[in-house]
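Each remark here refers to the structure printed beneath this line.
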Amino acid sequence: MFGRSWPFRAHVRNGIIQSWPHILAQYNDEYSVPCTNDEVSKAWLNNEEVRKAIHAEPINVSVIWELCTDRVRYTHDSGSMIPYHKNLTLQNYRVLIFSGDHDMCVPYTGSEAWTQSLGYKTVDEWRPWLTYDNQVAGYVQGYDNNLTFLTIKGAGHTVPEYKPREALDFYSRWLEGKPI
């Protein structure tokens, strides 16, 4: 298996993944790519009540939350996650893998191929899933061992950001054990 780069079989480099500030620093401010507008998420995730609710350490113990930070030393590859997923699904844990069909970071076709690589039998053929008001919101396929793969039409990498209504719809149903 080729780690994070699979199914494209590209070389995976060892070491820390550089953030945009690191990558752009070599160009001496010749290029400037803003991360994104994180004003709302920054205010929300730095709120002490929210931090308490999500079991994050208080700011005075930890640090303020930032979207683009150099503090996280994330390594490129931690190996294949397939054994972990197989272990959990074979223990009857339900798994939902979802992907926006406009995701340019992790294309849904890669997520679909990865899901199929688990080797589970299809039990619910590829079909559209509908929102509560009967709009086609994407496609879903079910597999043995409580594994579900779902796409969301028009969503990018962060599905709830692009399609909040649809995300709430499918995720609520999945959490309640209802069909999607």
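Per full-length UniProt numbering, the sequence shown runs over residues 1 to 180.
Glycine residues also receive a C-beta, built at the ideal position from the N, C-alpha and C atoms.
Quick caveat, the model's predicted, so the values are computed rather than measured.
- Listed in chain order, the non-local C-beta contacts of Asp38 below 7 Å within the same chain comprise Leu67, local neighbours out to five positions each way being set aside.
- Between the C-alpha atoms of Asn60 and Thr69 there is a straight-line separation of about 18 Å.
- The region 53 to 135 is shown to contain whole beta strand (DSSP E) runs of 3 or more residues at 95 to 100 and 122 to 130, in chain order.
- With a beta-carbon spacing of about 4 Å, Ser111 and Ser99 fall inside the 8 Å limit used to define contacts.
- According to DSSP, residue pairing for Gln141 in a beta bridge involves Phe149.
- Counting along the chain, the unbroken alpha helix (DSSP H) around Ala43 starts and ends at Glu39 to Leu45.
- In this structure the region 112 to 119 does not lie against the region 157 to 171, because fewer than three pairs of beta carbons, one per stretch, are closer than 8 Å.
- Between Glu166 and Ile152, the gap from beta carbon to beta carbon is short of 9 Å.
- With respect to the 9 Å criterion, Lys121 and Tyr93 are not classified as neighbours on the basis of their beta carbons.
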